[in-house]
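Our numbering puts the first residue of the sequence shown at 17, with every later residue one more than the last. Every residue gets a Cβ at the ideal spot worked out from N, C-alpha and C, and that includes glycine. Please read these numbers as outputs of a predicted model, since none were measured by experiment. Okay, structure first, notes after.
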Amino acid sequence: MTVDTSTPAGTSTAPATDVLSVQNVSAAYGPYRALFDVSFRVPEGGVVALVGSNGAGKSTIARTVTGLVTATSGRVVFAGQDVTQLPAFKIARLGMAHVVEGRGVFSTLTVEENLTLAFRQRAGRAKLKENLERAYTAFPILGERRRQVGGTLSGGQQRLLSLAKVLVVPSRVLVADELSLGLAPVVVDQVYEGLREINGNGTALVVVEQQVHRVLELATWAVVLNHGRVAYEGEPSGASREMEALMSRREEALATGAEEAEKEAERGAEKSGNPERVAGHVAGGPQTPGA
Ligand SMILES: Nc1ncnc2c1ncn2[C@@H]1O[C@H](COP(=O)(O)OP(=O)(O)O)[C@@H](O)[C@H]1O
Ligand SMILES: [Mg+2]
């Protein structure tokens with residue numbers, strides 16, 4: 017399949033190459049290290065699946081490349097520019113869209129108000145009407161519910177709304193975080209149709225999912241994360257095998273109680289901060305406030 021890359025906003029005449037490159041990135045939440053030396057590349061117009069179990073660091077990567085979290089080391093290069101230290105709004109202006117985990121819609125605003133806000137922010141007042149029509153054509157259910165407030169939409173409809181917000185203003189890269197989580201299969205189909213359409217318009221995708229099946233059908237490349245590290249990078253077909261292997265190792269380890277101990281030892285050796293915070297966090301046990 018060839019993808020027409022001629023349309024995205026901000027596209028320069030640079031030769032077709034990687035639109036995004038994550039180079040040896042580590043990231044942390046305070047003393048808690050969430051990413052360790054993560055590297056992968058996203059070719060212009062490509063679809064990279066970023067998979068891994070809950071807590072593997074997928075959302076942290078999404079936040080790091082979009083500028084919501086700043087890498088503690090390594091580099092993020094987007095559209096030929098080092099954006100490692102740039103704030104999220106500047107990275108967004110360069111053509112990076114982020115559909116965050118969860119719903120990402122304003123629950124007290126109507127569908128139309130949600131879209132209007134997003135389009136004005138991303139494209140100014142120009143072509144507002146036309147863009148709304150495009151969104152309603154791509155997702156008819158949103159047109160039917162244009163006067164309904166976001167908070168009363170179903171989970172699936174809210175996810176479609178957050179996709180529609182980025183659909184009409186072409187980006188160079190869209191980072192979509194767990195769009196299908198908790199959705200009925202038929203709604204997942206709609207979400208993936210939306211992603212295909214966005215990709216067909218020349219936007220490269222980084223699709224974060226816990227469930228590997230759907231995303232690996234769409235992806236041209238896959239990255240499997242485990243405990244904040246890249247466990248696999250390569251053809252999508254190899255990723256499901258890797259995920260299965262990880263899951264069965266995890267089950268085994270959980271059965272013997274070895275995994276948490278191993279994880280803590282690993283983190284304890286590498287992190288630079290307060291050991292109690294890390295141990296408490298990883299073990300998921302009750303944390304003493306203050307201290
Ligand atoms: N805001 C935060 N503050 C502290 N720790 C966090 C925060 N967000 C995520 N983490 C921790 O970082 C690790 C990676 O989380 P995350 O990137 O959300 O994983 P995933 O998206 O793969 O489920 C987890 O151990 C998680 O508990
Ligand atoms: Mg996540």
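For residue i, three-class secondary structure by DSSP
i, result
"Leu234", "helix"
"Val185", "coil"
"Gly114", "Looking at the sequence provided, one finds His at residue 114 rather than Gly. Correct three-state label for His114: strand."
"Val242", "The question names Val, but residue 242 is Asn in the sequence shown. Strand."
"Asn70", "coil"
"Leu176", "helix"
"Pro59", "strand"
"Leu190", "strand"
"Ser253", "helix"
"Thr33", "coil"
"Leu199", "coil"
"Ser264", "helix"
"Val223", "strand"
"Gly90", "strand"
Exposure label - residue i; buried when at least 16 CB within 10 Å
i, result
"Pro156", "exposed"
"Gly198", "exposed"
"Gln97", "exposed"
"Phe105", "exposed"
"Asn130", "buried"
"Lys145", "exposed"
"Leu262", "buried"
"Glu260", "exposed"
"Leu270", "exposed"
"Leu36", "buried"
"Ser123", "exposed"
Alpha carbon of residue i to alpha carbon of residue j, nearest angstrom
i, j, result
"Gly244", "Gly73", "5 Å"
"Val224", "Arg162", "28 Å"
"Gly254", "Gln174", "32 Å"
"His114", "Leu84", "10 Å"
"Glu117", "Thr272", "32 Å"
"Ser308", "Arg49", "Only positions 17 to 307 of the chain appear in the structure, and residue 308 is not among them; the question remains open."
"Thr80", "Leu148", "30 Å"
"Thr33", "Thr76", "25 Å"
"Gln226", "Thr82", "20 Å"
"Leu133", "Ala44", "32 Å"
"Glu251", "Thr219", "20 Å"
"Val64", "Leu169", "29 Å"
"Ala30", "Val185", "In this predicted model, Ala30 has a pLDDT of only 43, less than 50, meaning its place in the structure is not dependable; the value taken from the coordinates is given anyway. Each residue's alpha carbon lies about 21 Å from the other."
"Arg136", "Val202", "31 Å"
Residue i: CB within 7 Å of a non-hydrogen atom of ligand 1
i, result
"Tyr48", "yes"
"Asn70", "yes"
"Gly140", "no"
"Tyr45", "yes"
Residue i Cβ short of 7 Å to ligand 2 heavy atom set
i, result
"Glu193", "In the sequence as presented, Glu is not what sits at residue 193; that position holds Asp. Yes, since a heavy atom of ligand 2 falls inside the 7 Å radius drawn around the Cβ of Asp193."
"Lys145", "no"
"Lys74", "yes"
"Glu251", "no"
"Glu225", "no"
"Glu209", "no"
Any 3 or more C-beta pairs closer than 8 Å across the segment 239–251 and the segment 42–58
These segments touch.
When the Cβ atoms of the segment 212–224 are set against those of the segment 175–195, are three or more pairs found closer than 8 Å?
Short answer: they touch.
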